[in-house]
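Protein chains in written order, with this note's numbering: chain B, 89 to 425; chain U, -14 to 223. Just so it is clear, CB atoms sit at the ideal spot from N, CA and C, and this is done for glycine as well. All of these numbers come straight from a predicted model, not from anything done at the bench. What follows is one structure encoded as structure tokens, with my remarks underneath.
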Amino acid sequence: MKKDILILGIETSCDETAAAIVRNGEDILSNIINSQVKIHQEFGGIVPEIASRKHIENIAAVVDLGFKEAGLDYRDIDAVAVTNTPGLVGALLVGLSFAKSFAYTLDKPLIAVNHLHGHIYANFLEHRNIEFPAVSLVVSGGHTSLIYMKDTGQFELIGQSRDDAAGEAFDKVARFLGLGYPGGPAIQEAARNGKAGLVKLPRVFLDRNDFEFSFSGLKTAAMNLWNKVKKGSNCTVNDIAAEFQAALVEVLVEKSIGAVQKYQAKSLMIAGGVAANEKLRTMMKNRAQDEGIPLYYPSLLLCTDNAAMIAGNAYYHYIHGHFAPLDTNAYPGLSSL
Amino acid sequence: MLILAIDSATPVAGVALMEKGNLIKEEFVNYKKTHSESLMPMIDRVLRGCDCGISDLSAVAVTIGPGSFTGLRIGLAAAKGIGLASARPLLGINTLDALAYNIIGSDALLCPLLDARKQELYTAIYDGSYSCPLALTESLACSPKKFVDTALEVAAEQGKDSFILLGNGYYPYKDFFHEALGDSMTIAAEHLMLPRAAAVASLGMRKLEKGEIQDAFQIRPFYIRLSEAEYRLGKGVF
Ligand SMILES: [Zn+2]
């Protein structure tokens, strides 16, 4: 019988301090997420220095809890995986520095994981037999990327946002409309009580024959529209939220379906914080069904940042022997996919 | 008793190993590579160079600040990873204490200065006449002018008339310091101008003997300053 591979994942790229233990890239034994959302709410958005300060305070307790929940000793794991790109560099460095010395002390290999790959592999924690080639849409506060995967572990960026990430546009528009932070859930909630289509916002780049996105123009259009209609119109802030969400989601859905068709992919995955958006999930499901495309998305808990997805992706590095040296650095930007 | 000391609170990264009060290896770098790249390989080299492993350690000493926020978190995260995985005690050392400890047995007041950017210094004033410098003020983040005023005040109180300045905070303001303090001021030798992991190890040993230990859950950075965002929210107005 094949030996089980247990991997500790550590994730500190943004505002969640997270640790998880995953068996064989599939079974989550523990998944600890210490969210700082409430702290950053006070500032109306993520403050990188505060995120780093919380990570260094919490990291040891979060990792320890990961083992306790899994009922394991530190020495039971086979490797330590950590996000080292992309993200807030100061935040990444806390997790990376901790992971390195923790792995070194236990004499276990270190695995460096790309956060976006982690998001995609969150799907493999809950779904079996996802077929390749596949197309993945990664949508979050930091990214809007369409990725073509010829096979497992192979990532080709086929399009991304030229300006704001989808989640960033949600945050900015929500703040402008006075709906609060974080913007994704705030807009989703407002949109429930509003009606899309009463006013019209642009579907930016939908007419283009590529997989690039742009949300900055949509964001500005939504803000301008609200400035115009709020004085004496029966169109409410909820209607604007609904139309904004509809415009953004339509572009995400159509580009994703288009990518699957162009690349003749056998499956479509969505991932990242914005993949928790109900409208996106429903519309994508309907369109994928129409086109006969198998669609996968993670449960809500695994859409937002977590370490189970990092440990999950690391399994594939482990079986290929892709380990990281002690001088591994953290990189804020998407230097390579 | 074997103590591993780690320091990455300033542009310097250093690692030292001290066995029963004897320094047996020290590595120091003040050049290009980021702490993230250099620190763990240094720890590995220092331990291997002395045929040791983490399991041989009695404790890990680490500078907790003041210093570069990111730099000191890299060192502290490294110490926490070792501390948690090996259940070894951690010894948090003030960076200014470590820097001041480069000099002992002097009648002069010791003035460690770290460049804190934004036209400020991290500093504290120490009595250097003991076998281990004694802090006479709190650790401060202040302007060079405020530092000079504080140093003169402390000197008047203590009946002292000379100062030894050391640390990278000296260089950007040296003309001002010479003007303000004149002949009462001297500068440490160049090899004593930067924090040394060996000094961190010595101070760590004293803490361990006194039982002033922490674990990976407890130990926290000592920033002095709030984050910018907190200042903007008015949290820094005293
Ligand atoms: Zn993410």
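Item: Sequence-distant residues of its chain with Cβ nearer than 6 angstroms to U/I198 (five each side left out); Value: P74
Item: Backbone secondary structure at U/P74 - three-state DSSP; Value: coil
Item: Inter-residue Cα distance where the pair is B/D259 and B/G282; Value: 18 angstroms
Item: At least 3 beta-carbon pairs within less than 8 angstroms: the segment 315 to 333 of chain B vs the segment 187 to 204 of chain B; Value: no
Item: Length of the line joining the Cα atoms of U/F223 and U/L32; Value: Its pLDDT being 38, under 50, U/F223 is placed unreliably in this model, and the coordinates cannot settle the point.
Item: Residues that B/V180 bridges to, as DSSP identifies them; Value: Inspection of the sequence shows that residue 180 of chain B is occupied by Leu rather than by Val. Its beta-bridge partners do not exist; DSSP assigns none.
Item: Cα-Cα separation between U/F202 and B/P221, rounded to whole angstroms; Value: 44 angstroms
Item: Straight-line Cα distance separating U/I(-9) from U/F54; Value: 15 angstroms
Item: Nearest-angstrom Cβ-Cβ length linking B/S185 and U/I67, presumed shorter than 8 angstroms; Value: Rounded, the Cβ-Cβ distance is 11 angstroms, inconsistent with contact.
Item: Cross-chain neighbours of U/E297 in chain B, by beta carbon under 7 angstroms; Value: This structure does not reach residue 297 of chain U, given that chain U is present from -14 up to 223, and the question cannot be answered.
Item: Chain-ordered residues, beta carbon under 7 angstroms from a heavy atom of ligand 1; Value: B/S101, B/C102, B/H203, B/H207, B/S228, B/G230, B/G360, B/G361, B/D393
Item: Buried/exposed call for B/D298, threshold 16 Cβ in 10 Å; Value: exposed
Item: Reduced DSSP category for B/T173 - H, G, I as helix; E, B as strand; rest coil; Value: strand
Item: B/Q242 classed as buried or exposed, judged by whether at least 16 other C-beta atoms fall within 10 angstroms; Value: exposed
Item: Chain-ordered chain U contacts of B/D152 [CB-CB under 9 angstroms]; Value: L69, A201, F202
Item: Under 9 angstroms from the C-beta of B/A169: neighbouring residues of chain U; Value: None at all; the shortest Cβ gap to chain U is about 14 angstroms.
Item: contact_flag[the segment 89 to 106 of chain B, the segment 171 to 184 of chain B] where n(CB pairs < 8 angstroms) is 3 or more; Value: yes
Item: Residue environment, B/E114, which counts as buried when at least 16 other CB atoms sit within 10 Å; Value: exposed
Item: Any chain B beta carbon closer than 8 angstroms to U/F224; Value: This structure cannot settle anything about residue 224 of chain U, because the visible part of chain U is limited to -14 through 223.
Item: Where the beta strand (DSSP E) containing B/R111 begins and where it ends; Value: 104 to 111
Item: Exposure label - U/R217; buried when at least 16 CB within 10 Å; Value: exposed
Item: Whole runs of the beta strand (DSSP E) within the segment 320 to 372 of chain B, excluding any shorter than 3 residues; Value: 355 to 359
Item: Minimum C-alpha distance to U/T171 - residue among U/V45, U/R181, U/D160; Value: U/D160
Item: Closest by C-alpha distance to B/V182, when choosing among B/A149, B/H207, B/L160, B/S140; Value: B/S140
Item: Identity of the residue in B/D92, B/N217, B/L153 nearest B/T105 by Cα; Value: B/L153
Item: Residue-chain proximity (B/T193, chain U), Cβ-Cβ < 8 angstroms; Value: yes
Item: Distance, U/L94 Cα to U/Y115 Cα; Value: 11 angstroms
Item: Every unbroken alpha helix (DSSP H) inside the segment 55 to 132 of chain U [4 residues or more]; Value: 80 to 85
Item: Pair within 8 angstroms by beta-carbon distance, B/G159 and B/C102; Value: no
Item: Whether U/A(-6) touches U/T135 by CB criterion (8 angstroms); Value: no
Item: Partner residues on chain B for U/K65, Cβ-Cβ distance less than 7 angstroms; Value: I147, A148, F186
Item: Separation of U/A101 from B/K316, as counted between CA atoms; Value: 47 angstroms
Item: Alpha helix (DSSP H) segment containing U/D160, residue limits; Value: 159 to 166
Item: Presumed contact (8 angstroms Cβ cut-off) between B/I358 and B/L225, rounded CB distance; Value: 5 angstroms
Item: B/G272 classed as buried or exposed, judged by whether at least 16 other C-beta atoms fall within 10 angstroms; Value: buried
Item: Residue-level contact to chain U via CB, B/I127, 8 angstroms cutoff; Value: no
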